[in-house]
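Asker: One point on numbering: in my numbering, the residue at position 270 of the sequence shown is 272, and numbering is uninterrupted. Where a beta carbon is used, it is the ideal one built from N, C-alpha and C, also for glycine. Given the structure is predicted, the values throughout are model-derived calculations rather than measurements. Structure in structure tokens, see below.
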Amino acid sequence: MTSRTSPESNADTNPESQIESLRAQIRLHEHRYYVLDDPSITDAAYDALVNQLKALEAAHPQLITPDSPTQRVGGQPREGFVKVEHSSQMLSLDNAYTLDDLRDWDRRVRELAGSASAEIRYVCELKLDGLSMAIRYAPGADAGADAGVDGGCELARAITRGDGSVGEEVTPNVRTVRSVPLAIPAAQRKKAGLPRAFEVRGEILMPRASFERMNDERERNDLPRFANPRNAAAGGIRQLDPQLTAARRLDYFAYALSVEGRTYFDHHWQTLEALDAAGFKVNPKRKLAHSLDEVWTFIEQWEEKRDALPYEIDGIVIKVDRTALQRELGFTGKAPRWAIAYKYAARAGVTQLNDIEVNVGRTGKLTPTAVLEPVFIGGTTVSRATLHNLDEIQRLGLMIGDWVIVERGGDVIPKVTKVVDDDSGKPRGTRVFAMPERCPECGGHIVRAEGEVAHFCVNTSCPAKL
Ligand code: IVH
Numbered sequence: 003m004t005s006r007t008s009p010e011s012n013a014d015t016n017p018e019s020q021i022e023s024l025r026a027q028i029r030l031h032e033h034r035y036y037v038l039d040d041p042s043i044t045d046a047a048y049d050a051l052v053n054q055l056k057a058l059e060a061a062h063p064q065l066i067t068p069d070s071p072t073q074r075v076g077g078q079p080r081e082g083f084v085k086v087e088h089s090s091q092m093l094s095l096d097n098a099y100t101l102d103d104l105r106d107w108d109r110r111v112r113e114l115a116g117s118a119s120a121e122i123r124y125v126c127e128l129k130l131d132g133l134s135m136a137i138r139y140a141p142g143a144d145a146g147a148d149a150g151v152d153g154g155c156e157l158a159r160a161i162t163r164g165d166g167s168v169g170e171e172v173t174p175n176v177r178t179v180r181s182v183p184l185a186i187p188a189a190q191r192k193k194a195g196l197p198r199a200f201e202v203r204g205e206i207l208m209p210r211a212s213f214e215r216m217n218d219e220r221e222r223n224d225l226p227r228f229a230n231p232r233n234a235a236a237g238g239i240r241q242l243d244p245q246l247t248a249a250r251r252l253d254y255f256a257y258a259l260s261v262e263g264r265t266y267f268d269h270h271w272q273t274l275e276a277l278d279a280a281g282f283k284v285n286p287k288r289k290l291a292h293s294l295d296e297v298w299t300f301i302e303q304w305e306e307k308r309d310a311l312p313y314e315i316d317g318i319v320i321k322v323d324r325t326a327l328q329r330e331l332g333f334t335g336k337a338p339r340w341a342i343a344y345k346y347a348a349r350a351g352v353t354q355l356n357d358i359e360v361n362v363g364r365t366g367k368l369t370p371t372a373v374l375e376p377v378f379i380g381g382t383t384v385s386r387a388t389l390h391n392l393d394e395i396q397r398l399g400l401m402i403g404d405w406v407i408v409e410r411g412g413d414v415i416p417k418v419t420k421v422v423d424d425d426s427g428k429p430r431g432t433r434v435f436a437m438p439e440r441c442p443e444c445g446g447h448i449v450r451a452e453g454e455v456a457h458f459c460v461n462t463s464c465p466a467k468l
């Protein structure tokens with residue numbers, strides 16, 4: 003973080019206004035850090051503000067309100083989740099896999115639009131690989147003081163998609179997601195043009211960095227690694243203890259808004275801008291396309307750049323911009339006619355595991371690596387993949403010589419995700435892998451401490467460590 007502004011000095015001695023001022027400053031800095039990825043004070047200066055607020059709240063507990071930035075992770079673990087009906091169906095999307103699929107969809111949209119088809123605009127958004135979440139905002143508990151149309155609003159309820167009609171209420175867990183605003187001050191809400199009660203829909207996801215960190219930590223604690231960020235995010239949201247959700251460091255991007263179950267603005271692009279103005283994290287990587295050619299350019303552009311994103315995407319969502327036309331187009335079954343998901347080809351391939359090689363890292367940790375028959379996956383030739391540790395090899399039931407499925411996720415290093423099953427006609431491998439008894443670098447002793455997943459070389463002068 004760079005230091006551009008310093009925390010405002012607070013000459014005020016009235017605890018109530020001091021607390022309000024600190025909360026406003028902290029909200030602003032959290033918005034800059036978690037939503038805009040553009041912090042304007044140092045971590046230490048931010049911590050100082052939070053500590054000041056905590057101290058004041060501890061001295062005046064009657065002034066603690068649920069929308070205070072100190073109240074994200076609170077409450078006792080719950081016994082279970084309550085089912086809640088959605089304000090309108092939470093839909094899924096039909097998929098397109100080729101440019102022809104998109105052309106067909108575009109033709110259907112234009113036919114149904116009739117004479118208005120000339121001015122169709124499409125909004126292109128990244129298809130985030132997480133889980134959808136509805137979050138309701140309502141006038142705060144203190145609405146009495148500034149009731150009516152003038153006040154701010156607070157996060158009231160967060161509900162998972164469930165079966166689309168009924169989801170599970172996971173409010174305390176979603177409150178721990180730092181990019182989700184707990185409160186929207188009146189001025190900001192009005193600037194965004196939002197009423198005091200509305201529902202936001204969007205995607206909860208786990209950034210790659212959180213995923214890697216969490217998996218490393220799980221490995222250290224002898225727990226199995228999560229297969230992908232989406233599973234880790236979904237598991238995180240279903241924790242009964244919000245402390246555990248907080249530890250997963252999830253993120254939330256908003257992409258839809260409704261008021262009393264209906265879309266609110268005339269254009270979807272306007273909705274995204276309003277959500278952004280209200281303080282939600284809205285993906286800036288979006289485009290208002292004037293033709294299918296422009297849509298296709300956006301799709302191709304992100305297929306190439308998707309690995310550089312800090313989170314995983316699995317395609318592009320294309321939506322009709324004008325909401326009146328969306329309503330006219332309506333739905334088929336569980337999906338709208340006015341939107342479609344272009345799915346990027348799965349980046350997986352089938353190949354043979356020729357060997358398992360063991361590398362020694364700087365800490366002395368032994369990491370098994372799959373040596374593969376080279377296979378072309380999503381534009382590159384893959385000949386090696388990480389296997390993490392012996393437990394992972396045993397979990398996969400891997401033998402040398404097996405045919406395996408290799409996936410290139412967003413990570414730089416491909417992964418072996420599965421052994422091709424026996425009824426595929428492919429022969430099974432024949433050689434069981436064993437960890438070496440001596441370090442492959444120095445011949446030193448190898449140990450695996452009681453209850454640990456990883457093996458280590460204990461020779462302090464092992465060249466791999468030096
Ligand atoms: S719009 C009716 N926009 O994809 C509109 N969905 O396959 C429904 N998703 O359930 C959602 N990124 O969880 C929309 N930018 C985006 C999205 C997105 C990811 C997910 C969402 C939905 C699923 C449908």
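Give me the DSSP bridge partner(s) of Q354.
Answerer: For the purposes of this step, residue 354 is taken as the residue at position 352 of the sequence shown. DSSP, once it has assigned bridges, lists W405 as partnering Q354.
Asker: With distances taken between CB atoms, is the gap from D404 to R430 smaller than 8 Å?
Answerer: The residue labelled residue 404 in the question sits at position 402 within the sequence shown. The residue labelled residue 430 in the question sits at position 428 within the sequence shown. Taking 8 Å as the Cβ cut-off, D404 and R430 qualify as a contacting pair.
Asker: Please find out if some non-hydrogen atom of the ligand IVH comes closer than 7 Å to the beta-carbon of V418.
Answerer: Looking up residue 418 in the sequence shown gives position 416. No, the Cβ of V418 stays beyond 7 Å of every heavy atom of the ligand IVH.
Asker: Determine the direct distance from the alpha carbon of V111 to that of S127, and round the result to whole angstroms.
Answerer: Residue numbering aside, residue 127 sits at position 125 when the sequence shown is read from its first letter. Residue numbering aside, residue 111 sits at position 109 when the sequence shown is read from its first letter. Looking at the sequence provided, one finds Glu at residue 127 rather than Ser. So the alpha carbons of these two residues sit roughly 18 Å apart.
Asker: Within 8 Å, do at least three Cβ pairs link the region 61–80 to the region 320–339?
Answerer: With a cut-off of 8 Å, the region 61–80 and the region 320–339 do not count as touching, because too few Cβ pairs lie within range.
Asker: Beta carbon of Y48, beta carbon of H33: below 8 Å?
Answerer: Here residue 48 is taken as the residue at index 46 of the sequence shown, counted from 1. Here residue 33 is taken as the residue at index 31 of the sequence shown, counted from 1. No, the pair does not count as a contact, with Cβ atoms beyond the cut-off.
Asker: From this set, A26, L355, H390 and L196, which residue's C-alpha is nearest N217's C-alpha?
Answerer: Here residue 217 refers to the residue found at position 215 of the sequence shown. The residue with the shortest Cα to Cα distance from N217 is H390.
Asker: Regarding L95 and the ligand IVH, is the C-beta to nearest heavy atom distance less than 7 Å?
Answerer: Reading the sequence shown from its first residue, position 93 is the one you call residue 95. Checking every heavy atom of the ligand IVH against the Cβ of L95, one is found closer than 7 Å.
Asker: Considering just the uninterrupted stretch of the beta strand (DSSP E) at H249, what are its terminal residues?
Answerer: Counting from one through the sequence shown, the residue named residue 249 turns up at place 247. Per the sequence shown, the amino acid found at residue 249 is Ala instead of His. Run containing A249: none in the beta strand (DSSP E); it sits in the alpha helix (DSSP H), P244 to A249.
Asker: When DSSP labels each residue in this structure, what does I21 get in the three-state scheme?
Answerer: Working through the sequence shown from its first residue, we reach residue 21 at position 19. It is helical.
Asker: Taking Y36 as the reference, which of V182, E452, G237 and V434 has the closest Cα?
Answerer: Within the sequence shown, the letter at position 34 stands for residue 36. It is V182.
Asker: Give the DSSP-derived three-state secondary structure of E359 in the structure shown.
Answerer: Locating residue 359 in the sequence shown gives position 357, where the first residue counts as 1. E359 falls in the strand class under three-state DSSP.
Asker: Using only the alpha-carbon positions, how far apart do I315 and P231 sit?
Answerer: Indexing the sequence shown from 1 puts residue 315 at position 313. Indexing the sequence shown from 1 puts residue 231 at position 229. Computed Cα separation, rounded: 11 Å.
Asker: Out of F435, A185, D69 and N53, point me to the one whose CA is closest to G281's CA.
Answerer: In the sequence shown, counting from the first residue as 1, residue 281 sits at position 279. Nearest of F435, A185, D69 and N53 to G281, Cα basis: A185.
Asker: Count the other CB atoms within 10 Å of the CB of G1; is the residue buried (16 or more) or exposed (fewer)?
Answerer: There is simply no residue 1 to check, as the chain begins at 3 and stops at 468 in what is shown.
Asker: If I measure Cβ to Cβ from E359 and keep anything under 6 Å in the same chain, skipping five residues before and after, which residues do I get?
Answerer: If you number the sequence shown from 1, residue 359 lands on position 357. Cβ within range, chain order: T371 and V373.
Asker: Should H457 and L368 be called a contact, given that it needs their Cβ atoms to be closer than 8 Å?
Answerer: As a first step, residue 457 must be located in the sequence shown, where it is residue number 455. As a first step, residue 368 must be located in the sequence shown, where it is residue number 366. Against a cut-off of 8 Å, the Cβ pair of L368 and H457 comes out as a contact.
Asker: Can you check which of these residues, S117, R191, E452 and A234, is closest to E223 by C-alpha distance?
Answerer: Looking up residue 223 in the sequence shown gives position 221. The question names Glu, yet the displayed sequence has Asn at residue 223. Minimum Cα distance to N223 is reached at E452.
Asker: Could I get the ranges of all uninterrupted alpha helix (DSSP H) runs contained in the region 202–261, with 4 residues as the minimum, in chain order?
Answerer: Fully enclosed alpha helix (DSSP H) runs of 4 or longer: 210–222, 231–239 and 244–249.
Asker: On the three-state DSSP scale, how would you describe T4?
Answerer: As a position in the sequence shown, residue 4 is number 2, starting the count at 1. Caution applies to T4, whose pLDDT of 43 falls short of 50 and renders its modelled position unreliable; the value that the coordinates give is listed next. In this structure, T4 counts as coil in the three-state DSSP scheme.
Asker: What residue ranges within the region 265–349 form continuous beta strand (DSSP E) runs of no fewer than 3 residues, ordered along the chain?
Answerer: Complete beta strand (DSSP E) runs here, min 3: 288–291, 315–322 and 341–345.
Asker: Could you tell me the alpha carbon to alpha carbon distance between N361 and W304, rounded to whole angstroms?
Answerer: Within the sequence shown, numbered from 1, the residue matching residue 361 stands at position 359. Within the sequence shown, numbered from 1, the residue matching residue 304 stands at position 302. Approximately 34 Å between the Cα atoms of the pair.
Asker: Would you please state the rounded distance, in angstroms, between the beta carbons of L207 and A235? I believe it to be under 8 Å.
Answerer: By 1-based counting over the sequence shown, the position of residue 207 is 205. By 1-based counting over the sequence shown, the position of residue 235 is 233. Contact holds; Cβ gap of about 5 Å.
Asker: Kindly indicate the opening and closing residues of the alpha helix (DSSP H) around E454.
Answerer: Taking the sequence shown and counting its residues from 1, the one referred to as residue 454 is at position 452. Element bounds for E454: n/a, residue is neither H nor E.
Asker: Just how far apart, CA to CA, sit L58 and A115?
Answerer: For the purposes of this step, residue 58 is taken as residue 56 along the sequence shown, with counting starting at 1. For the purposes of this step, residue 115 is taken as residue 113 along the sequence shown, with counting starting at 1. C-alpha separation (whole angstroms): 59 Å.
Asker: Would you decide whether V202 is buried or exposed? Buried here means 16 or more other CB atoms lie within 10 Å of its CB.
Answerer: For the purposes of this step, residue 202 is taken as residue 200 along the sequence shown, with counting starting at 1. That one is buried.
Asker: Would you mind working out which of M437, K289 and E454 sits nearest H447, comparing C-alpha positions?
Answerer: Looking up residue 447 in the sequence shown gives position 445. The shortest C-alpha separation from H447 is found at M437.
Asker: So what does DSSP say about V449, is it helix, strand or coil?
Answerer: The count along the sequence shown starts at 1 and reaches residue 449 at position 447. Strand, per DSSP.
Asker: Tell me the rounded alpha-carbon separation between A211 and Y313.
Answerer: Working through the sequence shown from its first residue, we reach residue 211 at position 209. Working through the sequence shown from its first residue, we reach residue 313 at position 311. A211 and Y313: Cα-Cα distance of roughly 8 Å.
Asker: Beta-carbon within less than 7 Å of Y344's beta-carbon, same chain only, minus the 5 sequence neighbours each way: which residues are those?
Answerer: Locating residue 344 in the sequence shown gives position 342, counting from the first residue. Correct list, in chain order: A98, L104, I301, G317, I318 and I320.
Asker: Considering Cα atoms alone, identify which of L400, E439 and R433 is closest to D423.
Answerer: The residue you call residue 423 lines up with position 421 of the sequence shown. Nearest of L400, E439 and R433 to D423, Cα basis: L400.
Asker: Residues in its own chain within less than 7 Å of D243 by CB, not counting five upstream and five downstream?
Answerer: For the purposes of this step, residue 243 is taken as residue 241 along the sequence shown, with counting starting at 1. Hits under 7 Å: P79.
Asker: Cβ atoms of L392 and V418: under 8 Å apart, would you say?
Answerer: Within the sequence shown, the letter at position 416 stands for residue 418. Within the sequence shown, the letter at position 390 stands for residue 392. No. Outside cutoff.
Asker: Cα separation between C441 and C459?
Answerer: On the sequence shown, position 439 is the one that residue 441 refers to. On the sequence shown, position 457 is the one that residue 459 refers to. Whole-angstrom Cα-Cα distance: 6 Å.
Asker: How about V297: is its Cβ closer than 7 Å to a heavy atom in the ligand IVH?
Answerer: Residue numbering aside, residue 297 sits at position 295 when the sequence shown is read from its first letter. No.
Asker: Could you check if I342 is buried or exposed, using at least 16 other CB atoms within 10 Å of its CB as the buried criterion?
Answerer: Working through the sequence shown from its first residue, we reach residue 342 at position 340. Result: buried.
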